[in-house]
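The number in our numbering is simply the position in the sequence shown, starting from 1, with 237 added. Glycine residues also receive a C-beta, built at the ideal position from the N, C-alpha and C atoms. Here the structure is laid out as structure tokens; the discussion comes afterwards.
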Amino acid sequence: MISLRCQGSLLQISRILSLFLLSSYLLEETLCADIQWNGNWAFGCDFSGNDLDRAQVPGEQCGGQCSSNPQCTHFSWTRWNGGTCFLKRGSISKSNAIKTGDDSNVCGVIRETGGGGTQTGKTTRYWDCCKPSCSWNGKADVSNPVKTCRKDGFTQLWDVNAQSGCGGGEAYVCNDNIPWAVNDNLAYGFAAAHIKGSDERGWCCGCYKLDFTSGPVSGKSMIVQVVNTGGDLGENHFDLQIPGGGFGIFDGCTRQWGLAESVWGNRYGGVWSRDQCNALPQPIRDGCYWRFDWFKGADNPSVNFAPIQCPAELQRKSNCARK
Numbered sequence: 238m239i240s241l242r243c244q245g246s247l248l249q250i251s252r253i254l255s256l257f258l259l260s261s262y263l264l265e266e267t268l269c270a271d272i273q274w275n276g277n278w279a280f281g282c283d284f285s286g287n288d289l290d291r292a293q294v295p296g297e298q299c300g301g302q303c304s305s306n307p308q309c310t311h312f313s314w315t316r317w318n319g320g321t322c323f324l325k326r327g328s329i330s331k332s333n334a335i336k337t338g339d340d341s342n343v344c345g346v347i348r349e350t351g352g353g354g355t356q357t358g359k360t361t362r363y364w365d366c367c368k369p370s371c372s373w374n375g376k377a378d379v380s381n382p383v384k385t386c387r388k389d390g391f392t393q394l395w396d397v398n399a400q401s402g403c404g405g406g407e408a409y410v411c412n413d414n415i416p417w418a419v420n421d422n423l424a425y426g427f428a429a430a431h432i433k434g435s436d437e438r439g440w441c442c443g444c445y446k447l448d449f450t451s452g453p454v455s456g457k458s459m460i461v462q463v464v465n466t467g468g469d470l471g472e473n474h475f476d477l478q479i480p481g482g483g484f485g486i487f488d489g490c491t492r493q494w495g496l497a498e499s500v501w502g503n504r505y506g507g508v509w510s511r512d513q514c515n516a517l518p519q520p521i522r523d524g525c526y527w528r529f530d531w532f533k534g535a536d537n538p539s540v541n542f543a544p545i546q547c548p549a550e551l552q553r554k555s556n557c558a559r560k
């Protein structure tokens, strides 16, 4: 039998525990409210538990590591052991993030429970060789405008005010803006885009994860950095930069490379076989092959998409990151 004194102690303990739990709850809510999100990632935060895997990579590569693993839904990065990316799985929301006392920590979500800002969209393809729209100064709050190159497609052109090769100038898209496979299920690349509810200031140099939902690439994903826009794009429309994908409105390729327009295929749609890629300039040929290999010749597949932390590999090529 428990004495009255013990019962009183238990009641006191119960009250203390209740106050402690309430204080912990309020503290957690306050900490979460202080997290400043940059799209789907933030500094100075963490997610506890649900570890899937880990990788020794710099913090800016942690989101890309998570995106390349189909089971990974969110991630945390800390300076532990020289810098460790903790891949995590399971249902998640930004509200589950915990604020830490170390602003070097990074946490982020690939997809939140219930969609997490995921939208539906469509894709097309193009390669017009023109200076990307986000290469002009002042388009968005970014580290630098998107890099452009001289006529060889390799030598960087430092003058951000240089006119586009499509308008008789010397600025062209760089050869390394072609897409490439990270693994069988994930690819990286660049795109022109028009996203509902935003504009160039909101999307220039931002990255998006495209989950293909139709055609032979259904189930595969691609992370693209938006470097261009287009007057002929509809809402939630990603125009993937693929050599041999068709000029679209503008043609800077015949001037840049000195090849007949017929070599580049149809103005909308481009070449229609892998063999035709062999006639394209060697420096961008692999991007054309990618379309028929990893992309399986898909013709404008639909997507589910969401904003994502840009992989460092894309930012290095474009020389552009959002602030």
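Taking only beta-carbon positions, decide if residue i is within less than 8 Å of chain D.
i: Ile272; result: Chain labels in this structure do not include chain D; a single protein chain is all it has.
In angstroms, rounded to a whole number, what distance separates the CA positions of residue i and residue j?
i: Arg522; j: Pro307; result: 29 Å
i: Phe280; j: Ala292; result: 19 Å
i: Lys325; j: Thr310; result: 6 Å
i: Lys446; j: Leu551; result: 13 Å
i: Val343; j: Ala558; result: 17 Å
i: Pro382; j: Val463; result: 12 Å
i: Ala543; j: Ala549; result: 18 Å
i: Glu407; j: Gly456; result: 40 Å
i: Glu472; j: Gly434; result: 9 Å
i: Thr355; j: Gly495; result: 42 Å
i: Val540; j: Gly468; result: 21 Å
i: Gln298; j: Gln400; result: 33 Å
i: Asp288; j: Trp314; result: 12 Å
i: Trp417; j: Cys441; result: 21 Å
i: Phe529; j: Ala535; result: 8 Å
i: Asp436; j: Cys411; result: 23 Å
i: His431; j: Gly506; result: 19 Å
i: Asn333; j: Ser370; result: 37 Å
i: Gln513; j: Trp501; result: 8 Å
i: Asn318; j: Ile545; result: 26 Å
i: Gln273; j: Gly300; result: 17 Å
i: Gly404; j: Gly524; result: 24 Å
i: Trp527; j: Pro520; result: 13 Å
Under the rule that 16 or more other beta-carbon atoms within 10 Å means buried, what is residue i, buried or exposed?
i: Gln302; result: buried
i: Ser466; result: First, the residue type needs correcting, since residue 466 is Thr and not Ser in the sequence shown. It is buried - the Cβ of Thr466 has at least 16 other Cβ atoms within 10 Å.
i: Ala377; result: buried
i: Phe323; result: buried
i: Asn277; result: buried
i: Pro295; result: exposed
i: Thr392; result: exposed
i: Ala429; result: buried
i: Ala424; result: buried
i: Ala497; result: exposed
i: Glu266; result: The predicted position of Glu266 is uncertain, since its pLDDT is 40 and thus under 50; no value can be drawn from it.
i: Trp395; result: exposed
i: Gly485; result: buried
i: Pro480; result: buried
i: Gly483; result: buried
i: Trp509; result: exposed
i: Arg438; result: exposed
i: Asp365; result: buried
i: Asn414; result: buried
i: Ser304; result: buried
i: Ser341; result: exposed
On the three-state DSSP scale, how would you describe residue i?
i: Lys336; result: strand
i: Gln356; result: strand
i: Asp421; result: coil
i: Leu551; result: helix
i: Ile460; result: strand
i: Thr392; result: coil
i: Glu266; result: Only weak support exists for where Glu266 lies, its pLDDT of 40 falling under 50; the value from the coordinates is given anyway. Of the three classes helix, strand and coil, the one that applies to Glu266 here is helix, per DSSP.
i: Ala516; result: helix
i: Cys525; result: helix
i: Trp440; result: helix
i: Asn412; result: helix
i: Arg504; result: coil
i: Gly319; result: helix
i: Arg326; result: coil
i: Trp494; result: helix
i: Cys371; result: helix
i: Ser401; result: strand
Less than 8 Å separating the beta-carbons of residue i and residue j?
i: Thr385; j: Tyr409; result: yes
i: Thr360; j: Leu477; result: yes
i: Ser380; j: Lys560; result: yes
i: Phe427; j: Val461; result: yes
i: Lys331; j: Val454; result: no
i: Phe312; j: Gly345; result: yes
Just to check my reading of the structure: residue i and residue j have Cβ atoms closer than 8 Å, yes? What is that Cβ distance to the nearest angstrom?
i: Gly489; j: Gly375; result: Their Cβ separation, rounded to whole angstroms, is 22 Å, which puts Gly489 and Gly375 out of contact at 8 Å.
i: Ser451; j: Pro538; result: 5 Å
i: Ile335; j: Ser285; result: 6 Å
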